[in-house]
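**Student:** Have a look at this one.
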């Protein structure tokens, strides 16, 4: 922060005193005001650190939310695929059963057996 000691004008109090140059600000400060300048820089640094921490928390939360969202999307897709598979299997089995029943009814009609046809229709109700 400070580099050399000279008799120069202090930037803060504007008095000729022994001063130290702040290399970062390229300004001269007497010993009293150099301490104040350091405190001000520490406050600014703390503020920057707090902003960084706040940003980091928001960033981590965003990343976690994105990961959670991606996980939920993945699980939803898996459930959707599984449900579609079961629905298709159920439709297939229903079609097979319906075809069997249709074939049986067709055979009964061909035989001209009205009693058997009535029994079969009662079963289907």
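Residue numbers (my numbering): 60 to 184.
Virtual Cβ for every residue (Gly too), placed ideally from N, Cα, C.
Being a predicted model, the structure only gives us computed values, none of them experimental.
In the DSSP output, which residue or residues are listed as bridge partners for residue 87?
**Tutor:** 80
**Student:** Can you give me the C-alpha to C-alpha distance between residue 68 and residue 103, rounded to a whole angstrom?
**Tutor:** Distance between the alpha carbons of residue 68 and residue 103 is about 25 Å.
**Student:** Which residue marks the beginning of the alpha helix (DSSP H) containing residue 181, and which one marks its end?
**Tutor:** 173–183
**Student:** Of the choices 83, 84, 93 and 85, whose alpha-carbon is the least far from that of residue 77?
**Tutor:** Residue 77 has its Cα closest to that of 93, out of 83, 84, 93 and 85.
**Student:** Taking all protein chains shown into account, decide if residue 72 is buried (16 or more other Cβ within 10 angstroms of its Cβ) or exposed.
**Tutor:** exposed
**Student:** Ignoring anything shorter than 3 residues, give me the beta strand (DSSP E) runs that lie fully in the region 75–160, in order along the chain.
**Tutor:** Positions of the beta strand (DSSP E) runs, each at least 3 residues long and wholly inside the region 75–160, are given as 75–81 and 86–89 in order along the chain.
**Student:** Distance check for residue 149 and residue 115, CA to CA, integer angstroms please.
**Tutor:** 50 Å
**Student:** How should residue 88 be labelled, buried or exposed, when 16 other C-beta atoms within 10 angstroms of its C-beta is the threshold for buried?
**Tutor:** buried
**Student:** Rounded to whole angstroms, what's the CA-CA distance from residue 56 to residue 151? Just pull it up for me.
**Tutor:** Within the shown structure, residues of the chain are numbered from 60 to 184, placing residue 56 beyond reach of any answer.
**Student:** Is the beta carbon of residue 154 less than 7 Å from the beta carbon of residue 167?
**Tutor:** No. Outside cutoff.
**Student:** Does any residue of chain C have a CB that is nearer than 7 Å to the CB of residue 162?
**Tutor:** Note that chain C does not occur in the displayed structure, where there is just one protein chain.
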